[in-house]
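Here the protein sequences line up with chains B and E, keeping their order.
Position 67 of the first sequence, counting from 1, maps to 67 under the working numbering, and the rest follow consecutively.
Position 160 of the second sequence, counting from 1, maps to 440 under the working numbering, and the rest follow consecutively.
The beta carbon of each residue, even a glycine, is placed where N, CA and C say it ideally should be.
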Amino acid sequence: MRQLSTELITAEVARLCIEANYSLGEDVLQALRKATKQEESPLGREILQQLLENAEIARREKIPICQDTGFADIFLEIGQELRIVGGDLTEAITEGVRRGYNEGYLRESIVSDPLCRVNTGDNTPAVIHTEIVPGDRLKVSVLPKGAGSENMSGLAMLRPADGVEGIKRFILDWVEKAGGNPCPPLIVGVGLGGTAEKTLYLAKKSLLRSLGSPHPDSKISQLEGELLEEINATGIGPLGLGGRITALAVHIESYACHIASLPVAVNLQCHAARHKEAVL
Amino acid sequence: MSELKKITTPLSGRDVSGLQSGDRILLSGVLYTARDAAHRRLVQCLQKGEPLPFELPGQVIYYTGPSPARPGRAIGSAGPTTSYRMDPYTPPLLARGLKGTIGNGARSPQVKEALKEYRAVYFAATGGAGALLSQRIVESEIIAYEDLGPEAIRKLLVRDFPVVVANDIYGNDLYEQGREKYRKRIG
Numbered sequence: 001m002r003q004l005s006t007e008l009i010t011a012e013v014a015r016l017c018i019e020a021n022y023s024l025g026e027d028v029l030q031a032l033r034k035a036t037k038q039e040e041s042p043l044g045r046e047i048l049q050q051l052l053e054n055a056e057i058a059r060r061e062k063i064p065i066c067q068d069t070g071f072a073d074i075f076l077e078i079g080q081e082l083r084i085v086g087g088d089l090t091e092a093i094t095e096g097v098r099r100g101y102n103e104g105y106l107r108e109s110i111v112s113d114p115l116c117r118v119n120t121g122d123n124t125p126a127v128i129h130t131e132i133v134p135g136d137r138l139k140v141s142v143l144p145k146g147a148g149s150e151n152m153s154g155l156a157m158l159r160p161a162d163g164v165e166g167i168k169r170f171i172l173d174w175v176e177k178a179g180g181n182p183c184p185p186l187i188v189g190v191g192l193g194g195t196a197e198k199t200l201y202l203a204k205k206s207l208l209r210s211l212g213s214p215h216p217d218s219k220i221s222q223l224e225g226e227l228l229e230e231i232n233a234t235g236i237g238p239l240g241l242g243g244r245i246t247a248l249a250v251h252i253e254s255y256a257c258h259i260a261s262l263p264v265a266v267n268l269q270c271h272a273a274r275h276k277e278a279v280l
Numbered sequence: 281m282s283e284l285k286k287i288t289t290p291l292s293g294r295d296v297s298g299l300q301s302g303d304r305i306l307l308s309g310v311l312y313t314a315r316d317a318a319h320r321r322l323v324q325c326l327q328k329g330e331p332l333p334f335e336l337p338g339q340v341i342y343y344t345g346p347s348p349a350r351p352g353r354a355i356g357s358a359g360p361t362t363s364y365r366m367d368p369y370t371p372p373l374l375a376r377g378l379k380g381t382i383g384n385g386a387r388s389p390q391v392k393e394a395l396k397e398y399r400a401v402y403f404a405a406t407g408g409a410g411a412l413l414s415q416r417i418v419e420s421e422i423i424a425y426e427d428l429g430p431e432a433i434r435k436l437l438v439r440d441f442p443v444v445v446a447n448d449i450y451g452n453d454l455y456e457q458g459r460e461k462y463r464k465r466i467g
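Below, the structure written as structure tokens:
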């Protein structure tokens, strides 16, 4: 059985935390460049230019793209034929986050308890999601999620009778209500189906997709396209100050559904769409 | 789009009456940082009649919690955080002479009313442009609540810090006006 040491996992998590916070993916940069050409609002265009310049400064100067370096949201795909050796996996990841946030001059944004609200001082703990998959590899995805956009998350347990129209109405109303708060232009992550917690998970996980990559199921990708058009007709625009580019993409992930349910979840991702992956 | 105007803090009554929503401004001078936890403490101070860590009249509060500075730098990444969370705390600060706030996203009806009543403005800075904005911050010093870490109150010296007037003293709101202007009806 293939073995993987927790020490290596720690080092990789630290590296991914730093890299994600300093350097925006080429897919996001491309979408922002395209948006500057499409945006009709002069102020909107100026904001989009600032975001591109900001990304360039962050990469060059090794400074976070955004001061909110986020909750470290970590997704693991663990091959069932892999054996993790050398210690506790959760602790290895926690140590990776601690090291990455410390060495990378990233902000410590986590309080230990929602009521007492004392900063933990090292941005731990992380939020860790695991999936068991075939094979003998470990895929680690690090998605530092800022609170400005995470606070604008939503869930609706619709009736099956509400159908596609109900789904669209909920998502559009949600984006309208969020306005400039989640730092548009957005990637609108959507979960469809499953149970309440499953659909919220899917909405978040959809943000790991390469920006704008269409869903393989054509009826879903069509819905993504329609929603993007309608979201960009709201007029919210870059940072909510008016314009055509409110979202860069809509990503939907779906799952089987109970006969009585139609869950839909929205997880908004700000334009600082940071995530980095490694396969170990 | 309007021409850039240069303004220096603290803001006078005349400065704010000359500002209209949509104006692009380059701010220079002192800004004070405060966000969620610091606001809670500031308003508790007011309620108890205790002195604040800085004088409010004419000042501008910037809603930000910067990332740590690398050695040799004034500050780390320092863009605006979302403002609505500070809405409950803002009117009492405006009532005591605060003239400006800087953040991201629209304000509550109560804050908008208070901006008119106390003749103060709300500026939008570009959310998520913390690396870019940090280059306009030349000095940073923690002056209160150091235990709050990134939420401590900092006195910043800024030069040509780019903002847009979102809400002026006349009741205009760029978030509403901008959205209306670019809203499109789909068939």
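Assign residue i to buried or exposed, taking buried as 16 or more other Cβ atoms, counted over all protein chains shown, within 10 Å of its Cβ.
i, result
"C116 (chain B)", "exposed"
"L284 (chain E)", "exposed"
"V418 (chain E)", "exposed"
"I238 (chain E)", "Since the first and last residues shown for chain E are 281 and 467, residue 238 (chain E) lies out of range."
"T90 (chain B)", "exposed"
"V28 (chain B)", "buried"
"M152 (chain B)", "buried"
"V438 (chain E)", "buried"
"V444 (chain E)", "buried"
"A20 (chain B)", "buried"
"P144 (chain B)", "buried"
"R33 (chain B)", "exposed"
"H258 (chain B)", "exposed"
"P346 (chain E)", "buried"
"E197 (chain B)", "exposed"
"R274 (chain B)", "buried"
"T6 (chain B)", "buried"
"V175 (chain B)", "buried"
"Y342 (chain E)", "buried"
"I132 (chain B)", "exposed"
"K205 (chain B)", "buried"
"T130 (chain B)", "exposed"
"D427 (chain E)", "exposed"
Show which residues of chain D have a CB atom less than 7 Å away from the CB atom of residue i.
i, result
"T69 (chain B)", "Considering every chain present, this structure includes no chain D. Its protein chains are B and E."
CB residue i to CB residue j, shorter than 7 Å?
i, j, result
"L211 (chain B)", "G189 (chain B)", "no"
"T199 (chain B)", "P160 (chain B)", "no"
"N123 (chain B)", "V164 (chain B)", "no"
"G191 (chain B)", "A178 (chain B)", "no"
"P360 (chain E)", "G407 (chain E)", "yes"
"E39 (chain B)", "G429 (chain E)", "no"
"S301 (chain E)", "L454 (chain E)", "yes"
"G240 (chain B)", "G180 (chain B)", "yes"
"C138 (chain B)", "I78 (chain B)", "In the sequence as presented, Cys is not what sits at residue 138 (chain B); that position holds Leu. Yes, they are a contact pair."
"Y462 (chain E)", "G235 (chain B)", "yes"
"A446 (chain E)", "A409 (chain E)", "no"
"I287 (chain E)", "L311 (chain E)", "no"
"I252 (chain B)", "E224 (chain B)", "yes"
Select from the options the residue whose C-alpha is nearest the C-alpha of residue i.
i, options, result
"A400 (chain E)", "E:E426, E:L336 and E:G408", "E:L336"
"P331 (chain E)", "E:R321, E:V340 and E:D427", "E:R321"
"K62 (chain B)", "E:D448, E:Q415, E:D440 and E:I433", "E:Q415"
"P238 (chain B)", "B:P42, B:N54 and B:P64", "B:P42"
"D68 (chain B)", "B:Y255, B:G148, B:L24 and B:I167", "B:G148"
"A31 (chain B)", "B:I259, B:K219 and B:P184", "B:P184"
"M1 (chain B)", "B:G25, B:L16, B:L158 and B:E81", "B:E81"
"T10 (chain B)", "B:T246, B:I93, B:N54 and B:E176", "B:I93"
"G44 (chain B)", "B:R169, B:A247 and B:G121", "B:A247"
"A72 (chain B)", "B:I167, B:G100 and B:V279", "B:G100"
"E226 (chain B)", "B:G193, B:P182 and B:I167", "B:I167"
"L299 (chain E)", "E:D316, E:N452 and E:R376", "E:N452"
"R350 (chain E)", "E:A411, E:G309 and E:A386", "E:A411"
"D316 (chain E)", "E:K392, E:V391 and E:R365", "E:R365"
"E277 (chain B)", "B:I74, B:G86 and B:L228", "B:I74"
"D367 (chain E)", "E:S388, E:G309, E:P333 and E:Y398", "E:S388"
"V340 (chain E)", "E:R465, E:L373, E:E460 and E:S297", "E:L373"
"N102 (chain B)", "B:V13, B:T36, B:N232 and B:Q49", "B:V13"
For the ligand ATP, any of its heavy atoms closer than 6 Å to the Cβ of residue i?
i, result
"T199 (chain B)", "Inclusion of the ligand ATP in the displayed structure is not the case, the ligand content being empty and no account of it being possible."
Name the DSSP beta bridge partners of residue i, please?
i, result
"V443 (chain E)", "E:I305"
"F403 (chain E)", "E:I382 and E:V445"
"Y342 (chain E)", "E:T313 and E:I382"
"Q269 (chain B)", "B:I187"
"P389 (chain E)", "None, per the DSSP bridge assignment."
"E491 (chain E)", "Outside the displayed range of chain E (281 to 467) lies residue 491 (chain E), so it cannot be described from this structure."
"D453 (chain E)", "E:N447"
"P263 (chain B)", "B:M157"
Inset, instruction - Would you mind listing the beta strand (DSSP E) stretches within the region 9-90 of chain B that are 3+ residues and don't spill past its ends, in chain order? - result: 71-79 and 82-85
Inset, instruction - Jot down the residue ranges of each uninterrupted beta strand (DSSP E) in the region 178-260 of chain B, minimum 3 residues, whole runs only, in chain order. - result: 186-192 and 247-254
Legend entry - Within the region 94-178 of chain B, ranges of the beta strand (DSSP E) (whole runs, at least 3 residues): 127-133, 138-145 and 154-158
Inset, instruction - Taking only runs that begin and end inside the region 405-431 of chain E, name each unbroken alpha helix (DSSP H) of 4 or more residues, in chain order. - result: 410-414
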